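From first to last, the protein sequence lines are chains A and B. Going from the first sequence to this note's numbering is simple: count from 1 and add 18. Going from the second sequence to this note's numbering is simple: count from 1 and add 419. The beta-carbon is built from N, C-alpha and C at its ideal position, and this holds for glycine as well. The structure displayed is predicted, hence computed values, not measured ones. Take a look at the structure set out below.
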Amino acid sequence: MQADLGKNYFELFEIPVDFQLDLSNLSSRYRELQRRIHPDRFVNATNQERRLSMQMAALVNEAFQTLKDPLERGRYMLGLRGVDVNAETDTTMDPEFLMEQMVLREALSAVRGSDEPGERVTALAHDVASRLDKNIAFLKVSLGQDSDGSLKRARTLVREMQFLSKLQLEVEALEEELG
Amino acid sequence: MVLLQISEPGLSSAPHQRRLAVGIDLGTTHSLVATVRSGVAETLADAQGQHLLPSVVRYQADAQPVVGHAAAEMLQQDPLNTVSSVKRLMGRGVEDVKGLGDVLPYKFEQTQSDMPRIKTVAGSVSPVEISADILRNLKQRAEQSLGDELNGAVITVPAYFDEAQRQATKDAARIAGINVLRLLSEPTAAAIAYGLDQNPEGVYAIYDLGGGTFDISILRLHQGVFEVLATGGDSALGGDDLDHVIAEWIMLQDGIELAQDLCLQRRLLKLARDIKETLSHADSTEWTLERPQGGEWRGSLDRETLGELIAPVIKKTMLPCRRTLRDAGLNASDIQGVVLVGGSTRIPLVRRMVSDFFGQSPLDDIDPDKVVAMGAALQADILAGNQSGRDLLLLDVIPLSLGIEIMGGMVEKIIPRNSTIPTSRAQTFTTFKDGQIALSLHVLQGERELVSDCRSLAHFELRGIPPMVAGAARIQVTFQVDADGLLAVKAREEASGVESKVEVKPSYGLSDQEVETMLRDAIEHAGDDVAARNLREQRVDADRSIEALRSALAQDGEDLLELAEREQIETRVQELVTLRDGEDPLAIKRAIGVLNDATQEFAARRMDAGIHQALAGHRIDEFKD
């Protein structure tokens, strides 16, 4: 019924489909769109327009949340190319990566009992963040190419980022707990 | 070259009429109504010149309920029929009310539903109806003082109110016959009242300690858009709790046993509040209290001792402050301004602790009791379309995560807290039995993993799923949260395209049917005619559609519609215009529906055009860089 509800998130913001994007440009476009379509702008409109405005505003919010976060953006871009990151048919992970994860998790659980938990947890947070940054940099390259191999690499990178970002949440929770 | 716009006779956009819109602060201890006159927000007084309406309702056997000061005066004499602090009961269950302990000295009726009902001489009343009585009083005040019928209102709620509490507030407004333009969070209202939106940009904290709730919100302003970055708080912490701490201290000093005596309890709370308020500007205070066993007791308290008594309660507000800053990804030093809201922020100790936390003196030049209503009035004026000058948009968030119950009593989050609203999320479910035609979803709100630790919002029953073998159906369920923070659920079986019927059973609220019945009762009770009112409402609705379409046609009819399309819509408008003056509300309703269907495509094209224009303006900006 409505063309724009079927557009992909990049088209919605009228920006190129590219993993590398300018966050402040995206935020600024987001605000411009909301200023125009938010339900507050349609209080005196017809029921039809009010309903449409709510749907569009929700879509723009969802699109912005997805595009501004590198992990979500990567997962979304793979989806656009027909790659399901969490397909149950392929859940294998590189053993070396899994090994590293185990080491990181052991480090996390050892923080509490250590002499300087505050410093340990901060160091761990930096470590996880830099691993995430590394994957983001690689992902930029893989998603810029268009071969089956690069798509497969991109999928692996995103899957690794899912692990890392979950770990990051746990590290942050511990940081808060330690104050 | 400037092109003059010439519209056809009868199609010219109607001359702009000023719509009467007000802001209402429905508070725990008192409520206010405000409006904008000559660009300035001001609260409206009652016939006696009072601005604050005590949020107290007294029910009588064979007379209309009394609201406000007259009711408040009867709190001690008639405690069972005089209800105060009803906001603490909104969207709450019988069990929650028990948790509030002796805060509420009423008799509750045992009912089938989980919604508490208070027994009074006028029958049992629900919190929603009590709030509706307060709202009706404010509506009358506004209409008397402005001399016309109200077009709509913005009603404020604590930012931390969950969905059930918001829904209860909106239901109360509906029963009171108020058209809700928007539920607005109280801190955001305060930020508008302070005119923070007129600064170029910045990040602000709003600390709101009211009678019964505490909220902390972090707001960012950028390009005329106010974004709530994060919000937190405690929807059961406020000035009332301070009164209780003081009352307990008095009882301890005087050896008063508690207190099946409701009147004594009320007197003690009143005394505690007086002491608290006096010590906000005096260093010490004295009082005499009539003892229940006879004789008098003289007591005294100084500000320092009061501080020691209440410090633990006020400290409880600092944890949400820290967590909310972290959610926003900010430090206290990033905050450019701190706004104080709520009567409890008059307490010197509160001010000191807030200043220490944020490392700066808070803004406080607007009366903290009135600031929320004033901000709501400004927003109402903008929404009604009266203020073309102030170009401001508010982007609010959902304060608590929404989730559904999955296997093992666990909650799976669907919409995380602090997501900007409106928002929607789709989830696909399947059947687990052959031929299953219904599905039940339990929706909860909260941050914890177990169902028992979250608040139950509602059970949604999806019916009309086409029968298939187990696991074959693909039922896409869409959870939609609107700009008021209210949830709606839609469901569709994807293979067949069949829409499911969704039946909502709110855990602590009213079903649509119940609200409808209460609305009818209220109209009849007021000696009004239900049919006449129904007709009036349909006419208002019709007028809104007609006016909106005429102005849309005048604006975009030429550019976005083929001649035939345009003529077809105009015919439908004309049909509605004719029916609108008739006496049949159902026919008007149907014609509005027909007109809506006929304009679907036009609405979509207008939305598309709006989007392109918004982004086109942006491209020009980019070229300038």
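> What do you get for B:P731, buried or exposed, if any count of 16 or more other CB atoms within 10 angstroms of its CB means buried?
Replying inline: Classification of B:P731: exposed, given that the 10 Å Cβ count is below 16.
>> For the segment 587–596 of chain B against the segment 546–556 of chain B, do three or more pairs of beta-carbon atoms, one drawn from each stretch, fall closer than 8 Å, so that the two count as touching?
In response: yes
> Got a sec: is the Cβ-Cβ distance from A:E67 to anything in chain B below 7 Å?
Replying inline: yes
> Any Cβ of chain A within less than 7 Å of the Cβ of B:V475?
Replying inline: The C-beta of B:V475 comes no closer than 7 Å to any C-beta of chain A.
> Taking the C-alpha atoms as reference points, what is the distance between B:I1011 and A:K184?
Replying inline: Going from the Cα of B:I1011 to the Cα of A:K184 covers about 50 Å.
>> In the DSSP assignment, the alpha helix (DSSP H) including A:E194 goes from what residue to what residue?
In response: D166 to L196
> Along chain A, which residues have their Cβ under 8 Å away from the Cβ of B:R507?
Replying inline: Near B:R507 there are no residues of chain A at all, since even the closest Cβ is about 29 Å away, more than 8 Å.
> When the distance is taken between beta carbons, is B:V452 closer than 7 Å to B:L439?
Replying inline: no
> Which parts of the segment 926–952 of chain B are runs of the alpha helix (DSSP H), unbroken and 4 residues or longer, counting only runs that do not cross its ends?
Replying inline: 931–944
>> Using beta carbons (cut-off 7 Å, strictly below), is A:L70 in contact with chain B?
In response: yes
>> Spatial neighbours of B:A666 within its chain, please: C-beta separation below 7 Å, excluding the five flanking residues on both sides.
In response: L687, L688 and A691
> Taking buried to mean at least 16 other C-beta atoms within 10 Å of its own C-beta, is B:G1050 buried or exposed?
Replying inline: In this structure chain B extends from 420 to 1044, so residue 1050 of chain B is not present and cannot be described.
> Name the DSSP beta bridge partners of B:N641, please?
Replying inline: It should be noted that the sequence gives His, not Asn, for residue 641 of chain B. In DSSP, B:H641 forms a bridge with B:V644.
>> Between B:P841 and chain A, is any beta-carbon pair separated by less than 7 Å?
In response: By the rule that beta-carbons nearer than 7 Å mark a contact, B:P841 touches chain A.
> Taking 7 Å as the CB-CB cut-off, is A:P57 touching chain B?
Replying inline: Among the residues facing chain B, A:P57 is included, as its CB has a counterpart in that chain under 7 Å away.
>> Could you check whether B:A845 and B:V455 sit closer than 7 Å to each other, using their CB atoms as the reference points?
In response: B:A845 sits away from B:V455, with the two beta carbons spaced by 7 Å or more.
> Any beta-carbon of chain A closer than 7 Å to the one on B:G804?
Replying inline: yes
> What residues from chain B crowd round A:N62, counting only those whose CB sits closer than 7 Å?
Replying inline: G804, R963 and A967
> In chain order, what residues of the same chain lie with their CB nearer than 8 Å to the CB of B:L569, ignoring the 5 residues before and after it?
Replying inline: L439, A440, V441, K558, A561, E562, I597 and N598
> To which residues does DSSP link B:F898 through a beta bridge?
Replying inline: B:R844 and B:V908
> Using a Cβ-Cβ distance under 7 Å, would A:L51 count as near chain B?
Replying inline: Chain B, which has a Cβ nearer than 7 Å to the Cβ of A:L51, makes this yes.
> Would DSSP call A:Q83 helix, strand or coil?
Replying inline: helix
> What residues in its chain sit with their C-beta under 6 Å from that of B:M793, if we drop five residues either side in the sequence?
Replying inline: Around B:M793: A453, A460 and A612.
> Is the distance from the Cβ of B:V896 to the Cβ of B:A877 below 7 Å?
Replying inline: no
> Leaving out the 5 sequence neighbours to the left and right, which residues in its chain are closer than 8 Å to B:E943 when beta-carbon positions are compared?
Replying inline: V949
> What are the residues of the segment 598–610 of chain B that lie near chain A, defined by any Cβ-Cβ distance shorter than 9 Å?
Replying inline: L600 and R601
> Does the beta-carbon of B:T1018 have 16 or more other beta-carbons within 10 angstroms, so that it is buried, or is it exposed?
Replying inline: buried
> Closest Cβ-Cβ distance between A:E32 and chain B: below 7 Å?
Replying inline: yes
> Does DSSP put A:F37 in a helix, a strand or coil?
Replying inline: coil
>> In the DSSP output, which residue or residues are listed as bridge partners for B:M829?
In response: B:I825 and B:L869
> How would you write the range of the alpha helix (DSSP H) that B:P731 sits in, first residue to last?
Replying inline: R722 to K734
> Mapping DSSP to helix, strand and coil, what is B:T650?
Replying inline: strand
> A:S46: which of A:D36, A:F37, A:E32 and A:P57 sits nearest, CA to CA?
Replying inline: A:E32
>> Does chain A have any CB closer than 7 Å to the CB of B:D901?
In response: yes
> Is it the case that the Cβ atoms of B:A961 and B:V758 are separated by a distance below 7 Å?
Replying inline: no
> Which residues of chain B have a Cβ atom closer than 7 Å to the Cβ of A:E194, listed in chain order?
Replying inline: From the beta-carbon of A:E194, the residues of chain B found nearer than 7 Å are R745.
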